[in-house]
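*Asks:*
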Amino acid sequence: MMRVFHCDHCGNPVFFENVVCGKCKHQLAFLPDVKIVASLDRGEKSQKAEESSIWSSPAPSAAGKKYRLCKNYIDHNVCNWAIPAEDSNPYCPSCRLTTVIPDLSVDKNHDLWFRLETAKRRLIYSLIEFGLPLLSKKDDAVMGLDFHFLGDPVGGPRVLTGHDNGLITVNIDEADDVVREERRVSMHEPYRTLLGHFRHEIGHYYWDVLIKDSPEIDAFRAMFGDERADYDLALKNHYTNGPRPDWQQDFVSEYASVHPWEDWAETWAHYLHMTDTLETAARCGMSLHPDRKDEPSMEKQPSKPAHEQRFDEIINNWLPLTYVLNSLNRGMGLPDAYPFVLLQPAIEKLRFVHETICRQSECKPKSKAQNNPELVPLGAGSTN
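The opening residue of the sequence shown carries number 1306 in our numbering; numbering runs sequentially from there.
Below, the structure is given as structure tokens:
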């Protein structure tokens, strides 16, 4: 989910990733405690670190608050978040979750690390907005979260992107656009992005947190299948024989058909794709009123987080929006922005993810099933 932000000094539109207003040149930072991108005014020197300053913001929601820039903002320029001045941790809520960073003695790795953290911050923003549990391994060694960004060691085995008991490892090559596109083509994937990787792997993490050993496990198995099936065998079968030929009847993607764990992670990631894009459209005031009554239309959406909406509102707005997104991309000579087809079983799995998040967020969606239409370097890492 992503809002539209404006500079508090001049009113110019600014983006989530910006560090300077393009119009008035004021420094910007995302303030996670109030969830806005705000302009900053430099104040006195910090007592905690001589090289940093205390900042304030004219944003009304930040009135009376003091901030310090994240250490990765100051030292490496790979972050644009600030933290309350009284916070004893020098890193922002996103950067403190990364404990292994790429080997910065390799020239290109700083740029790859920057791209990794940029994508991760968008993920963390969504998790904060949803009110999902977000603890580091330092906070909770068993259920906490940790990110390692690693390159393939010289002469060693390739680093695999994946999740293991709260540890999310990402091969930094995924931040290289050329390498990632080569892999997307070679694996016959219609969609492969760095943010997509983060959303998929965090889905595995939240399966452990929200579904495993919970009262929802039986409902999960009825919807996604029994996760106790042999995962390694399922993966081997997928890469040897390919996906089941009818995978589109039940899944959001080919890879979702591998195993119930992957079905959940792919569906979770897909839900985050939907809700982030829809909130952006809502904040921009977007509505669709075509000349022909039989073409997809969409009223202006409510400017509220997805977990405060009914799932039927979300999916009924999503279908027309994807029609427009794909049409616009084709007009630019680009591939479809949304290269997916969702049938009813996949839609019901998305509903399951939505209602799982709503329960965690103490939101009780009044959502009833509907017959929705079908949808058309590299080197070892170093410690942060």
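All C-beta atoms, glycine included, are put in the ideal place defined by N, C-alpha and C.
Nothing here was measured: the structure is a model prediction, and the numbers come from that model.
What span of residues does the beta strand (DSSP E) with Asn1414 cover, start to end?
*Replies:* On the sequence shown, residue 1414 is found 109 positions in, with the first residue counted as 1. Element bounds for Asn1414: not the beta strand (DSSP E) but the alpha helix (DSSP H), 1414-1435.
*Asks:* Check each candidate in Asp1416, Glu1434, Asp1408 and name the one with the smallest Cα separation from Pro1337.
*Replies:* Taking the sequence shown and counting its residues from 1, one reaches residue 1337 at position 32. Answer by Cα proximity: Glu1434.
*Asks:* Shortest alpha-carbon distance to Glu1618 belongs to which of Gln1649, Gly1327, Leu1583, Lys1328?
*Replies:* Residue numbering aside, residue 1618 sits at position 313 when the sequence shown is read from its first letter. It is Leu1583 whose Cα lies nearest to the Cα of Glu1618.
*Asks:* Could you name the residues of the same chain whose beta carbon sits closer than 7 Å to that of Met1579, not counting the 5 residues immediately before and after it, in chain order?
*Replies:* Within the sequence shown, residue 1579 is the residue found at index 274, counting from 1. Same-chain partners within the cutoff: Ile1619, Trp1623.
*Asks:* Considering Cα atoms alone, identify which of Gly1316, Ser1608, Pro1520, Asp1599 is closest to Gly1590.
*Replies:* Walking along the sequence shown from the start, residue 1590 turns up at place 285. Ranking Gly1316, Ser1608, Pro1520, Asp1599 by Cα distance to Gly1590 puts Ser1608 first.
*Asks:* If you follow the alpha helix (DSSP H) that Ala1343 is in, where does it begin and where does it stop?
*Replies:* Counting from one through the sequence shown, the residue named residue 1343 turns up at place 38. Here Ala1343 belongs to no alpha helix (DSSP H); instead the beta strand (DSSP E) covers 1341-1344.
*Asks:* Given His1505, which residues of its chain have a CB within under 8 Å of its CB, disregarding the five upstream and five downstream residues?
*Replies:* In the sequence shown, residue 1505 corresponds to position 200, counting from 1. Taken in chain order, the residues that qualify are Ala1570, Glu1571, Trp1573, Ala1574.
*Asks:* If we call anything under 7 Å between Cβ atoms a contact, is Val1475 one with Trp1418?
*Replies:* Here residue 1475 is taken as the residue at index 170 of the sequence shown, counted from 1. Here residue 1418 is taken as the residue at index 113 of the sequence shown, counted from 1. For Val1475 and Trp1418, no; Cβs fall outside 7 Å.
*Asks:* Go through the stretch 1363-1404 residue by residue and report every complete run of the beta strand (DSSP E) that reaches 3 residues or more, in order.
*Replies:* Listed in chain order, they are 1372-1374, 1387-1389.
*Asks:* Find out if the Cβ-Cβ distance for the pair His1564, Tyr1544 is shorter than 7 Å.
*Replies:* As a working note, residue 1564 is residue 259 in the sequence shown. As a working note, residue 1544 is residue 239 in the sequence shown. In this structure, Tyr1544 does not lie closer than 7 Å to His1564 by Cβ.
*Asks:* Does DSSP put Asp1457 in a helix, a strand or coil?
*Replies:* Along the sequence shown, one-based indexing puts residue 1457 at 152. Note: Asp1457 maps to coil in three-state DSSP.
*Asks:* Between Asp1568 and His1453, what straight-line distance do the alpha-carbon atoms span, to the nearest angstrom?
*Replies:* Sequence index remark: in the sequence shown, residue 1568 carries index 263 (1-based). Sequence index remark: in the sequence shown, residue 1453 carries index 148 (1-based). Rounded to the nearest angstrom, the two C-alpha atoms are 24 Å apart.
*Asks:* Could you give the C-beta distance for Ala1343 and Ala1368, rounded to a whole number, given that I count them as a contact under 8 Å?
*Replies:* Position 38 of the sequence shown, counting from 1, holds the residue named residue 1343. Position 63 of the sequence shown, counting from 1, holds the residue named residue 1368. With a Cβ gap of about 11 Å, Ala1343 and Ala1368 do not count as contacting.
*Asks:* Out of curiosity, what's the CA-to-CA distance linking Glu1486 and Lys1371?
*Replies:* Translated into the one-based positions of the sequence shown, residue 1486 becomes position 181. Translated into the one-based positions of the sequence shown, residue 1371 becomes position 66. Rounded to the nearest angstrom, the two C-alpha atoms are 43 Å apart.
*Asks:* Applying the 10 Å Cβ sphere with the 16-neighbour rule, what's the burial state of His1493?
*Replies:* Numbered from its first residue, the sequence shown carries residue 1493 at position 188. Counting Cβ neighbours within 10 Å, His1493 comes out exposed, since fewer than 16 surround it.
*Asks:* Might you give, ordered along the chain, the residues of its own chain that have their beta carbon closer than 6 Å to the beta carbon of Leu1440, omitting 5 neighbours on each side?
*Replies:* Taking the first residue of the sequence shown as 1, we reach residue 1440 at position 135. So the list reads Gly1449, once near-sequence residues are dropped.
*Asks:* Where do the ends of the beta strand (DSSP E) carrying Trp1360 lie?
*Replies:* Position 55 of the sequence shown, counting from 1, holds the residue named residue 1360. From DSSP, the beta strand (DSSP E) with Trp1360 extends over 1358-1361.
*Asks:* Please classify Asp1445 as buried or exposed, where buried requires at least 16 other C-beta atoms within 10 Å of its C-beta.
*Replies:* The count along the sequence shown starts at 1 and reaches residue 1445 at position 140. So Asp1445 ends up on the exposed side.
*Asks:* Rounded to whole angstroms, what is the Cα-Cα separation between Lys1425 and Pro1389?
*Replies:* By 1-based counting over the sequence shown, the position of residue 1425 is 120. By 1-based counting over the sequence shown, the position of residue 1389 is 84. When rounded, the distance between both Cα atoms is 20 Å.
*Asks:* What residues match up with Pro1474 in a beta bridge as DSSP calls it?
*Replies:* Taking the sequence shown and counting its residues from 1, the one referred to as residue 1474 is at position 169. The question names Pro, but residue 1474 is Thr in the sequence shown. Looking at the DSSP output, Thr1474 bridges to His1453, Gly1467.
*Asks:* For Gln1614, does the count of other Cβ atoms within 10 angstroms reach 16, so buried, or fall short, so exposed?
*Replies:* The count along the sequence shown starts at 1 and reaches residue 1614 at position 309. Label assigned to Gln1614: buried.
*Asks:* Within the continuous beta strand (DSSP E) that includes Leu1499, where are the two ends?
*Replies:* Stepping through the sequence shown from its first residue, residue 1499 is reached at position 194. First-last for Leu1499: 1499-1511, but that is the alpha helix (DSSP H), not the beta strand (DSSP E).
*Asks:* For Val1319, count neighbouring C-beta atoms within 10 Å of its own C-beta (all shown protein chains included) and say buried if the count is 16 or more, exposed if not.
*Replies:* Working through the sequence shown from its first residue, we reach residue 1319 at position 14. Buried.
*Asks:* The beta strand (DSSP E) with Leu1334 in it runs from where to where?
*Replies:* The residue labelled residue 1334 in the question sits at position 29 within the sequence shown. Residue identity check: residue 1334 is Ala in the sequence provided, not Leu. Looking at the DSSP string, the run of the beta strand (DSSP E) that includes Ala1334 is 1333-1336.
*Asks:* Can you tell me where the alpha helix (DSSP H) with Lys1541 in it begins and where it stops?
*Replies:* To locate residue 1541, count along the sequence shown from 1; it is residue 236. That run of the alpha helix (DSSP H) goes 1536-1546.
*Asks:* Going by DSSP, name the residue or residues bridged to Val1319.
*Replies:* Mapped onto the sequence shown, residue 1319 falls at position 14. For Val1319, which the question treats as bridged, DSSP gives the partners Phe1310.
*Asks:* Just the C-alpha distance for Val1658 and Ala1651, rounded to the nearest angstrom, thanks.
*Replies:* The sequence position of residue 1658 within the sequence shown is 353, counting from 1. The sequence position of residue 1651 within the sequence shown is 346, counting from 1. Cα to Cα, Val1658 sits roughly 11 Å from Ala1651.
*Asks:* Residues in the same chain with beta-carbon distance under 8 Å from Leu1333, minus the five sequence neighbours each way, listed in chain order, please.
*Replies:* As a working note, residue 1333 is residue 28 in the sequence shown. The answer, listed in chain order, is Cys1312, Val1319, Asn1323, Val1324, Val1325, Cys1326, Val1342, Ala1343, Ser1344, Leu1345, Asn1385.
*Asks:* For His1612 and Val1309, what's the separation of their Cα atoms in angstroms?
*Replies:* Counted from its first residue, the sequence shown places residue 1612 at position 307. Counted from its first residue, the sequence shown places residue 1309 at position 4. Answer to the nearest angstrom: the Cα atoms are 18 Å apart.
*Asks:* Out of Ile1522, Gln1554, Asp1551, state which residue places its alpha-carbon closest to the alpha-carbon of Trp1566.
*Replies:* The residue you call residue 1566 lines up with position 261 of the sequence shown. With distances taken between Cα atoms, Trp1566 lies closest to Ile1522.
*Asks:* Quick one: give me the first and last residue of the alpha helix (DSSP H) that Ile1652 is part of.
*Replies:* Taking the first residue of the sequence shown as position 1, residue 1652 is located at position 347. Counting along the chain, the alpha helix (DSSP H) containing Ile1652 begins and ends at 1649-1665.
*Asks:* Taking C-alpha atoms, which residue in Ala1364, Asp1412, Lys1340, Ile1379 lies nearest to Ser1358?
*Replies:* Along the sequence shown, one-based indexing puts residue 1358 at 53. The shortest C-alpha separation from Ser1358 is found at Ile1379.
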